[in-house]
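**Student:**
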Ligand code: C2E
Ligand code: MG
Ligand code: MG
Ligand code: MG
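Residue numbers (full-length UniProt numbering): 856 to 1134.
1. Is it true that the stretch 982-1000 meets the stretch 1014-1030, where meeting means three or more beta-carbon pairs spaced less than 8 angstroms apart?
2. By how many angstroms is the C-alpha of residue 984 removed from the C-alpha of residue 1127?
3. Any idea which residues DSSP pairs residue 1035 with across the strands?
4. Within 10 angstroms of the Cβ of residue 1024, are there 16 or more other Cβ atoms? Answer buried if so, exposed if not.
5. CB-CB under 8 angstroms to residue 860, same chain, minus the five flanking residues each way: which ones, in chain order?
6. Less than 8 angstroms separating the Cβ of residue 988 from some heavy atom of ligand 1?
7. Can you list, in chain order, every residue whose CB sits closer than 7 angstroms to a heavy atom of ligand 3?
8. Measure the alpha-carbon distance for residue 1007 versus residue 1034 and round it to whole angstroms.
9. Quick check: does the Cβ of residue 1112 come within less than 8 angstroms of any heavy atom belonging to ligand 1?
10. Do residue 956 and residue 1122 have their C-beta atoms within less than 9 angstroms of each other?
11. Extract the residue ranges of the beta strand (DSSP E) inside the stretch 1041-1076, only unbroken runs of 3 or more that lie entirely within it.
12. Could you tell me which residues DSSP puts in a beta bridge with residue 915?
13. Please check the pair residue 896 and residue 1118, which I expect to be a contact at CB under 8 angstroms, by giving their CB distance rounded to whole angstroms.
14. Return the CA-CA distance between residue 1067 and residue 1052, expressed in angstroms with no decimal places.
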């Protein structure tokens, strides 16, 4: 009996796995085609300079509109893009498009907006990363100091010296670097002080519960102090309430991002948002 059960279980799993991998293959094929045809959209989420209340920049967030009308969020396809290497051409497109969009927006602004683009681990390891960034800047005419690249702690954990070297090369171009989802990785403080980064983005999981969870509040407080001590700006992500906003303002957190300020939105909507925000 046990044996039979075992066999059934085995068959169940193997069918599951086949179905899963067939789906995976289909998705991969579709993703590859979408990358070749550049069928993605960028949404932009405003970043607020907390002290002045001004919008200082935007973060580009990729979206994949599927043929069936559904919109895929990056969590649903960035891992697959990473695995398959498709993130390299996709990431190149994202960077160029984001730079071009911000150049267009800045043509109508007094204070230029900055743009932050997420970099994936695979991109960070590419030998021609510097070349790719230079190309995007040259082709779009974006001033280098208006570009920010968001890295994650996990990218720096393998070969730390190599990672620091790559970061230094990027810094050498004149752009800014930030560490995204800060606090969720494993980077130690002794490494952090060696990283040539300009900003720490406190992960939204700490911001989400800071009104109810005194430990999260303490962590947010500590990261704000850490940033100040290390001469790095601190950005809080995932701000959804007035209370969170007030708390962060009191801690002298530099920049805020979250639904409370604005959701990520397509370029046309961003133009309207910026016009309203100025007025
Ligand atoms: P991330 O870079 O940490 O981006 C923040 C995510 O939080 C975004 O999700 C954003 O829409 C969401 N968010 C912003 N404010 C709030 C808020 O107040 N509440 C809540 N609940 N969520 C908020 P999204 O756009 O789904 O992106 C998820 C992740 O996918 C990003 O996390 C980033 O790691 C990755 N990603 C997005 N775009 C790109 C890209 O162009 N390239 C790469 N390599 N990764 C990307
Ligand atoms: Mg990010
Ligand atoms: Mg984040
Ligand atoms: Mg994230």
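Where is the CB? At the ideal position from N, CA and C, for every residue including glycine.
Keep in mind it's a predicted model, so treat the numbers as computed, not measured.
**Tutor:** Well, looking at it:
1. yes
2. One-based indexing of the chain shown puts residue 1127 at position 272. One-based indexing of the chain shown puts residue 984 at position 129. Approximately 34 angstroms between the Cα atoms of the pair.
3. Residue numbering aside, residue 1035 sits at position 180 when the chain shown is read from its first letter. DSSP, once it has assigned bridges, lists 1007 as partnering residue 1035.
4. By 1-based counting over the chain shown, the position of residue 1024 is 169. By the neighbour-count rule (16 or more Cβ atoms within 10 Å), residue 1024 is not buried but exposed.
5. On the chain shown, residue 860 is found 5 positions in, with the first residue counted as 1. Caution is warranted here: a pLDDT of 48 is assigned to residue 860, below 50, making its placement in the model unreliable, and no coordinate value can be reported.
6. Residue numbering aside, residue 988 sits at position 133 when the chain shown is read from its first letter. No; taking the cut-off as 8 angstroms, the Cβ of residue 988 has no heavy atom of ligand 1 nearer than that.
7. 1035, 1036, 1056, 1058, 1059, 1092
8. Residue mapping note: residue 1007 aligns to position 152 of the chain shown, counting from 1. Residue mapping note: residue 1034 aligns to position 179 of the chain shown, counting from 1. So the alpha carbons of these two residues sit roughly 5 angstroms apart.
9. On the chain shown, position 257 is the one that residue 1112 refers to. Yes.
10. In the chain shown, residue 956 corresponds to position 101, counting from 1. In the chain shown, residue 1122 corresponds to position 267, counting from 1. The answer is yes: Cβ separation under 9 angstroms.
11. 1054-1057
12. For this step, residue 915 is matched to residue 60 along the chain shown. Answer by DSSP bridge pairing, in chain order: 899, 972.
13. If you number the chain shown from 1, residue 896 lands on position 41. If you number the chain shown from 1, residue 1118 lands on position 263. Not quite, the Cβ-Cβ distance comes to about 14 angstroms (not below 8 angstroms), so this is no contact.
14. On the chain shown, residue 1067 is found 212 positions in, with the first residue counted as 1. On the chain shown, residue 1052 is found 197 positions in, with the first residue counted as 1. The straight-line gap from Cα to Cα measures roughly 31 angstroms.
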